[in-house]
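Residue numbers (this note's numbering), protein chains in the order written: chain A, 8 to 156; chain B, 8 to 156.
Glycine is no exception: its CB is placed at the ideal position from the N, C-alpha and C atoms.
Computed from a predicted model, the values in this text were never measured in an experiment.
Working notes, structure below.
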DNA sequence: ATCATCTTGACAATGATTCTCATTAAGATC
DNA sequence: GATCTTAATGAGAATCATTGTCAAGATGAT
């Protein structure tokens, strides 16, 4: 409905392509660095603009890491939430009809209208769980806790 | 349990007092400005440090506005979520046992462990709903849309 | 009062995001 | 295909919240 027309450009295509390849959340800075590494030079400002436009148009979800950085990910349309591995960044889309109805109920009970909510779940995926025999596949870019110390 | 000891100082007391008076979410910058306006000079860095310490110790909740700014609020202990008016900032603490169990279920089903989640609901409270006969009480400091221009 | 330390504060440093504005490139027109 | 209108881009400056630095100040114990 309110999907403003966007001119197809090389830059936009490059951003979309990379988002499609990387299945997990990525920051604008990260995306910019990867494109540059690929030889696909795209201005940083353009990356930000493109990402925001895509998020507005839908097709891309944006959420904030614990330190406030915005990260983006290509997503199926429709309302859903995410289960994100804080170690390797692996993301699983999840739906919660019960949560949706709960928020609606809570909202109306308190006289709130025109509501929207944010819900993300962070944890360690099977591969990154210490007690798991499988070796931690923490080589992808983590969303929240980059390998420290 | 891991509540590190903190020396009682004038600055810490001032921050705590203001948080108690203002019942809604407030940014560190905002808090700093208010304290300064009250004549209670407290360094900006100190405000940040104090707020983070309080959030760590519990007793203060922190969440991020849509533009990534961290906002704090004195809160009852225990896990809960918030229903925040995006116009006047009024906040209601809500609990959702169903949501907690849902996230646990989803997490285990996907092999995730050590999870935690964030859930906030934003909307317009009764007083700020346009169709409501009551005049919008949007004079308190809004969490997301501060009076601009 | 004195000491060892935790805190504070002023300001520099970071780092993500936004703004500016001249240049480039789509899409429509002739 | 040349031309024109205008959105899109890019390089870098500008913002702005947040963090780091480190000397000076305050607190609790001695």
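| Item | Value |
| --- | --- |
| Which listed residue (81(B), 21(B), 97(B), 103(B)) has its alpha carbon closest to that of residue 88(B) | 103(B) |
| Three-state secondary structure assigned by DSSP to residue 23(B) | helix |
| Chain A contact for residue 151(B) (CB, 7 angstroms cutoff) | Model confidence at residue 151(B) stands at a pLDDT of 45, short of 50, so the residue's coordinates are unreliable and nothing is read from them. |
| Cβ neighbour criterion (16 or more within 10 Å) applied to residue 46(B) | exposed |
| Any chain B beta carbon closer than 7 angstroms to residue 132(A) | yes |
| Positions along the region 105 to 130 of chain A whose CB lies within less than 8 angstroms of some CB in chain B | 105, 106, 109, 110, 113, 114, 117, 118, 119, 120, 121, 122, 123, 124, 125, 126, 127, 128, 129, 130 |
| Bounding residues of the beta strand (DSSP E) (the contiguous stretch that carries residue 88(A)) | 88 to 92 |
| Whole-number beta carbon distance between residue 125(B) and residue 125(A), since they are thought to touch under 8 angstroms | 7 angstroms |
| Buried or exposed (CB count within 10 angstroms, at least 16 for buried), residue 12(A) | exposed |
| Min CB distance residue 45(B) to chain A below 7 angstroms | no |
| Cβ neighbours of residue 20(B) in the same chain (closer than 8 angstroms, five flanking residues each side left out) | none |
| Closest Cα partner of residue 132(A) within the set 98(B), 100(B), 116(B), 97(B) | 116(B) |
| Member of 15(A), 58(A), 17(A) whose CA lies at the smallest distance from the CA of residue 34(A) | 58(A) |
| Positions along the region 40 to 73 of chain B whose CB lies within less than 8 angstroms of some CB in chain A | 71 |
| Closer than 7 angstroms to chain B by CB, residue 136(A) | yes |
| Nearest candidate by alpha-carbon position, reference residue 118(B), set 130(A), 25(A), 77(A), 121(A) | 130(A) |
| Which listed residue (80(B), 44(B), 74(B)) has its alpha carbon closest to that of residue 28(B) | 80(B) |
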